[in-house]
Amino acid sequence: MSPDLAFLIEVVVGGLLSGVMYALVAIGFVLIYKTSGVLNFAQGAMVLFAALTFVSLTERGLPFPAALAATLAAMGVVGLAVERTVLRPLVNQPPITLFMATLGVAYVIEGAAQLAWGTQVHGLDLGIDDTPIDLGGVLVSRFDLFAAATAGLMVALLSAFFRYTRTGLAFRAVADDPLAALNTGLRLPRIWSAVWIAAGIVALVAGLLWGARLGVQFSLSLVVLKALPVLVLGGFDSIAGAIVAGLIVGAVEKVSEVYLGPVIGGGIEGWIAYVAALGFLLVRPSGLFGLRAVERV
Amino acid sequence: MDALPRAAPRPHLPAGALGLGALLVLAYGIVPLTGTSYLFEALLTPFLALALAGLGLNLLTGYAGLLSLGSAAFMAVGAYAAFNLSLRLPGLPLPASLLLAGFVAALAGLAAGLPALRLRGFYLAVSTLAVQFFVAWALNRIGWISDDSPSGVITAPRLVVAGLSFDDPRGRYLVSLTVVTLLTLVAWRLVSSPTGRNLVAIRDNETAARLVGVKVARTKLLAFAVSSFVIGIAGALWAFAYLRTVEPAGFNLDRSFQILFIVIIGGLGTLRGAFLGAGFIVVLPLLLARLGAALLGDGFDSGTLEMVQRIVLGALIVAVLIREPAGLAALLDRAGRRLGRRAA
Numbered sequence: 033m034s035p036d037l038a039f040l041i042e043v044v045v046g047g048l049l050s051g052v053m054y055a056l057v058a059i060g061f062v063l064i065y066k067t068s069g070v071l072n073f074a075q076g077a078m079v080l081f082a083a084l085t086f087v088s089l090t091e092r093g094l095p096f097p098a099a100l101a102a103t104l105a106a107m108g109v110v111g112l113a114v115e116r117t118v119l120r121p122l123v124n125q126p127p128i129t130l131f132m133a134t135l136g137v138a139y140v141i142e143g144a145a146q147l148a149w150g151t152q153v154h155g156l157d158l159g160i161d162d163t164p165i166d167l168g169g170v171l172v173s174r175f176d177l178f179a180a181a182t183a184g185l186m187v188a189l190l191s192a193f194f195r196y197t198r199t200g201l202a203f204r205a206v207a208d209d210p211l212a213a214l215n216t217g218l219r220l221p222r223i224w225s226a227v228w229i230a231a232g233i234v235a236l237v238a239g240l241l242w243g244a245r246l247g248v249q250f251s252l253s254l255v256v257l258k259a260l261p262v263l264v265l266g267g268f269d270s271i272a273g274a275i276v277a278g279l280i281v282g283a284v285e286k287v288s289e290v291y292l293g294p295v296i297g298g299g300i301e302g303w304i305a306y307v308a309a310l311g312f313l314l315v316r317p318s319g320l321f322g323l324r325a326v327e328r329v
Numbered sequence: 442m443d444a445l446p447r448a449a450p451r452p453h454l455p456a457g458a459l460g461l462g463a464l465l466v467l468a469y470g471i472v473p474l475t476g477t478s479y480l481f482e483a484l485l486t487p488f489l490a491l492a493l494a495g496l497g498l499n500l501l502t503g504y505a506g507l508l509s510l511g512s513a514a515f516m517a518v519g520a521y522a523a524f525n526l527s528l529r530l531p532g533l534p535l536p537a538s539l540l541l542a543g544f545v546a547a548l549a550g551l552a553a554g555l556p557a558l559r560l561r562g563f564y565l566a567v568s569t570l571a572v573q574f575f576v577a578w579a580l581n582r583i584g585w586i587s588d589d590s591p592s593g594v595i596t597a598p599r600l601v602v603a604g605l606s607f608d609d610p611r612g613r614y615l616v617s618l619t620v621v622t623l624l625t626l627v628a629w630r631l632v633s634s635p636t637g638r639n640l641v642a643i644r645d646n647e648t649a650a651r652l653v654g655v656k657v658a659r660t661k662l663l664a665f666a667v668s669s670f671v672i673g674i675a676g677a678l679w680a681f682a683y684l685r686t687v688e689p690a691g692f693n694l695d696r697s698f699q700i701l702f703i704v705i706i707g708g709l710g711t712l713r714g715a716f717l718g719a720g721f722i723v724v725l726p727l728l729l730a731r732l733g734a735a736l737l738g739d740g741f742d743s744g745t746l747e748m749v750q751r752i753v754l755g756a757l758i759v760a761v762l763i764r765e766p767a768g769l770a771a772l773l774d775r776a777g778r779r780l781g782r783r784a785a
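Line by line, the protein sequences are chains A and B. Going left to right, the first sequence walks through residues 33 to 329 as the numbering used here numbers them. Going left to right, the second sequence walks through residues 442 to 785 as the numbering used here numbers them.
Structure representation (structure tokens):
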């Protein structure tokens, strides 16, 4: 294999693996969007809140499992509180209003997390070393592989949950047709609470992995901005779409940074994913896997 | 898109022309004579610039129902365009350079509005984020825009109109006030014209608007252009009249959210809303600082203040959307009507 090709493969693989991390955040969005039609901008704030709570608890001497359990409980409380105080009063409001409300929620969660735990940067060590391993001439980060495996496991668990449990079936029913679901006696508020808690758990997983990578600090809540192009590309309502789009966005970002960056100046990863996703949208307005909405007067 | 609270398509001016006249006499006659530098620099000038930005965004989001998260980018385009115009064309009078900067921002808005022809709702909001990040990147990377100053910092030129210097706090206030008054008038003419009603029609039901003959594509692009024009001039005021020295980071995503919050709190789809919201946003941190210092004493440092401010602002957004989706403007309207009934 020529060194140029090996380098290209290395860049693509690196991009795909960081794309997994984007997909991880995007899945949290999809869960909520699918069941309640809310684009939850606060997902990034929830990632920050989860990571910050976990790190602060371990720093105060709690063992790993206890801190994890406590953080899970905290995420549950946050999910319930958001559902009760924000979503329920705004039922039947237009999607844009709900989106703006989640902007407010994001501000509240970010402020509260940092008020409670401080604004300094925390290191987070999950005990996985980040030395690259050599796979047939291509160097791959061990941590990225671990992250990819975690994401894969989480998606498998979520799919199994949706497929084989009663609650999962209820989720799918609500996603399919909220009114019909309501008619068969499903309790929508309870399902919404459950799905917000599930999104909180996804946020915790994403928060731990992203926190180990970047350090736990305010900028963690900005991963939401990395997830948005993924959602646009994959469709807001498809978990498979989120994963595939995450991989594409990760690869596009890395490849363009390496090959296009020197031509037009570095630092383009801030917007190249958006431009790529939007370019794709102009061709296919509902994303890769999104449902085509039928519009009536 | 039936997305935003309905409002009367023709906004009436606050308590009629009489009240407006009184407001202008106060703003032009009494305030400049009695105000202190602090009042001009810390309160009134930023208030005017933010209100103007809110006004511009309200045309797009409140009237036409197109959500934008890229307001700060258009402010930046306006500010850096005005900077370059006055730098590279030294003879250009200030009003002309502000006006041209507005047109540059309008062009940027037109480009940003192109996706709106195919995208709606969230997708459109995300596409305005692309504009936000692209502009931030361009300001940092392309040295020419900031005359090759390190990290893109620009300093405002002297504010001179017709040989008179407006460089002191009062002068900068008067410049801002004049620009804001003129543009508010233009915006009021626009929203009470047939074009303004077309904007509302698109917001309330795009398909129906198309059916009754509204040229949807053209009207949407117009909304983007006019809104960006106003926001761009607001950015130039923010840079020239208020801060005097700005860096690209001053026009980040948080600023875009701030402008959006001004519009939500003040009232979507009303002209007064932008002013009420901007006033609120400017006064809120001062109020919270006073309140925090009074309650907690020395324990209330600037870091805590920032977090508390974030929480209060976020909670307010949620509360306004739930309790009073038409914002402070509607609240004021109701209070006014109640007073009127009591008087009668």
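The beta-carbon is built from N, C-alpha and C at its ideal position, and this holds for glycine as well.
Within the segment 549 to 571 of chain B, Pro556, Arg559, Leu560, Gly562, Phe563, Tyr564, Ala566, Val567, Ser568, Leu570, Ala571 place their CB atoms closer than 8 Å to a CB of chain A, listed in sequence order. For Ala490(B), the closest of Met748(B), Ile471(B), Ala513(B) by C-alpha to C-alpha distance is Ala513(B).
Contact annotation for Ala138(A) against chain B: Gly755 [CB-CB distance below 8 Å, chain order]. In this structure, the straight-line span from the alpha carbon of Ser697(B) to that of Gly108(A) is close to 31 Å.
DSSP, reduced to helix, strand and coil, places Ser668(B) within a helical segment of the structure shown. With the criterion set as a beta carbon lying under 8 Å from some beta carbon of chain B, the members of the segment 118 to 138 of chain A are Val118, Pro121, Leu122, Gln125, Pro126, Pro127, Ile128, Thr129, Phe131, Met132, Ala133, Leu135, Gly136, Val137, Ala138, in sequence order. In the displayed model, Leu220(A) falls within a helix according to three-state DSSP. Contact between the segment 122 to 131 of chain A and the segment 761 to 775 of chain B is established, with three or more Cβ pairs separated by less than 8 Å. Contact annotation: Ala77(A) and Ile141(A) have beta-carbon atoms nearer than 7 Å. Not flagged as an interface residue toward chain B: Gly267(A), since no C-beta distance is shorter than 7 Å. For Ile165(A), the uninterrupted beta strand (DSSP E) run begins and ends at 164 to 167, by DSSP. Within the segment 748 to 780 of chain B, those residues whose Cβ lies closer than 9 Å to any Cβ of chain A are, in chain order, Met748, Val749, Gln750, Arg751, Ile752, Val753, Leu754, Gly755, Ala756, Leu757, Ile758, Val759, Ala760, Val761, Leu762, Ile763, Arg764, Pro766.
Counting the other CB atoms within 10 Å of its CB gives Asp162(A) a total below 16, which places it among the exposed residues. In the same chain as Ala730(B), and ignoring 5 residues on each side of it, the C-beta atoms closer than 7 Å to its own belong to Leu746, in chain order.
For Val170(A), the closest C-alpha among the options Ser34(A), Ala308(A), Gly311(A) is that of Ser34(A). Contact annotation for Trp578(B) against chain A: Gly297, Gly299, Ile300, Gly302, Trp303 [CB-CB distance below 9 Å, chain order].
Using a Cβ-Cβ cut-off of 7 Å, Gly143(A) counts as an interface residue toward chain B, since at least one Cβ of chain B sits closer than that to its own. In the DSSP assignment, Leu555(B) falls outside any beta strand (DSSP E) and carries neither an H nor an E. Fewer than three pairs of CB atoms, one per stretch, sit closer than 8 Å, so the segment 91 to 98 of chain A makes no contact with the segment 292 to 307 of chain A. Burial check for Ala463(B): the Cβ neighbour count within 10 Å stays below 16, so the residue is exposed. Closest in C-alpha terms to Leu496(B), from the list Ala552(B), Thr625(B), Leu485(B), Asp589(B), comes Thr625(B). Interface residue (Cβ-Cβ distance to chain B less than 7 Å): Leu310(A) is classified as such. Classified as exposed, Pro294(A) has fewer than 16 neighbouring CB atoms from the shown chains inside 10 Å of its CB. Judged by pairs of C-beta atoms under 8 Å, the segment 535 to 542 of chain B does not touch the segment 687 to 702 of chain B, as fewer than three such pairs exist. In the DSSP annotation of this structure, the continuous segment of the alpha helix (DSSP H) that includes Leu694(B) starts and ends at 694 to 707.
Val62(A) carries a helical assignment under DSSP once its states are collapsed to helix, strand and coil. Counting only residues of its own chain and dropping the five nearest sequence neighbours on each side, Arg778(B) has no CB closer than 8 Å to any other CB. Assigned with DSSP and collapsed to three states, Val123(A) falls in coil, not helix or strand. Bounds of any alpha helix (DSSP H) do not take in Leu171(A); it lies within the beta strand (DSSP E) bounded by 170 to 173. Here Phe716(B) has Ala492 as same chain residues with Cβ atoms under 6 Å from its own Cβ, once five neighbours each way along the sequence are excluded. Restricting attention to Ser225(A), Val307(A), Gly232(A), the CA atom closest to the CA of Val262(A) is found in Val307(A). According to the DSSP assignment, Ile296(A) belongs to the alpha helix (DSSP H) that extends over 293 to 296.
Contact between Ser668(B) and Gly550(B) is confirmed by a C-beta separation of about 6 Å, below the 8 Å threshold.
Against chain A, the beta carbon of Leu508(B) has neighbours under 9 Å at Ile128, Phe131, Met132, listed in chain order. Chain-ordered, the chain A residues with CB closer than 8 Å to the CB of Gly744(B) read Thr151.
CA-CA distance, Ile643(B) to Asp609(B), rounds to 44 Å.
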